[in-house]
Each structure stands twice: as structure tokens, then as C-alpha cells.
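Below is one structure; the comments refer to it alone.
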Amino acid sequence: ELSSFTAAGAKQSIVLNWATASETNTLGFNVYRAVLPAGPRMKLNKQLIPTLVPPGSPFGAAYEYVDTNLPKARRTPYYYWVESVDIYGGKTLHGPVSARMK
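When you read off a place in the sequence shown, starting at 1, and then add 1128, the result is the number in the numbering used here.
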């Protein structure tokens, strides 16, 4: 269960932070970006971002992903989603959140 998900603009990047309340069957996460709230979404991570707690954990963890692969001239918002992937292959999409580069 995601307890928070935020995006904040930084110099030449956008920093995503999310936290989970529990990760009972979580295997890991994927991060997606779009230039419009309705997509299309592009997956940013090449490999699954692994969970920071062992499967079956009744507690959660905090995560950060820094998106630095952004066009330098673009100052309009980017939209982000985090997808949690469970040990059975199930996926849940969270978001979007948005931010602009500074």
C-alpha cells in the first residue's frame, strides 16, 4: 500500500519520492513519465526497482527516484506514475503526480 507519492522540481531533474505503509507481497516498482496527464506513459527504469523490505513484511519503506533524462528547454509539467508489482505478477498503478524542472 502506497502511503505517499510526490514529485518535486529540481535543477535539471525531477525528484520522485514514495513511501509504502506495508509491502506484504511486493516484489518491486516501475516508474513512468508522460507529458500529458492522460499519457502516453513511458517506462523510465530498465529493471524493476526492488523492494527495500523482505516479501511478507507488514511494514513499508521510503523510495526515491531522480529523473534526469529530461529535455533542458521544457518547463511545462511532467506527469509520473509508480507501478507496484507483486510476487504473483499483479500490478497496481499509482498517480499521477506532476512537477516542473527548476
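Glycine included, C-beta positions come from ideal geometry on N, C-alpha and C. Given the structure is predicted, the values throughout are model-derived calculations rather than measurements.
With H, G and I counted as helix, E and B as strand and the rest as coil, what does DSSP make of residue i?
i: L1144; result: strand
i: G1167; result: coil
i: N1158; result: strand
i: Y1206; result: strand
i: S1150; result: coil
i: E1129; result: coil
i: I1215; result: coil
i: P1224; result: strand
i: A1189; result: coil
To the nearest whole angstrom, what separates the beta carbons of residue i and residue j, a pair I think is in contact under 8 angstroms?
i: V1210; j: L1155; result: Rounded, the Cβ-Cβ distance is 14 angstroms, inconsistent with contact.
i: L1144; j: A1135; result: 5 angstroms
i: Y1193; j: A1162; result: 15 angstroms between Cβ atoms; not a contact.
i: S1226; j: F1187; result: About 29 angstroms separates the two Cβ atoms, so there is no contact after all.
When you compare only the Cα positions, how much space is there between residue i and residue j?
i: P1224; j: I1215; result: 24 angstroms
i: P1205; j: T1152; result: 33 angstroms
i: T1179; j: R1203; result: 32 angstroms
i: N1197; j: S1141; result: 7 angstroms
i: K1219; j: A1190; result: 19 angstroms
i: G1184; j: L1221; result: 20 angstroms
i: V1159; j: N1173; result: 6 angstroms
Please name the residue or residues paired with residue i in a DSSP beta bridge.
i: P1182; result: Answer by DSSP bridge pairing: none, since P1182 is not bridged.
i: A1138; result: S1141
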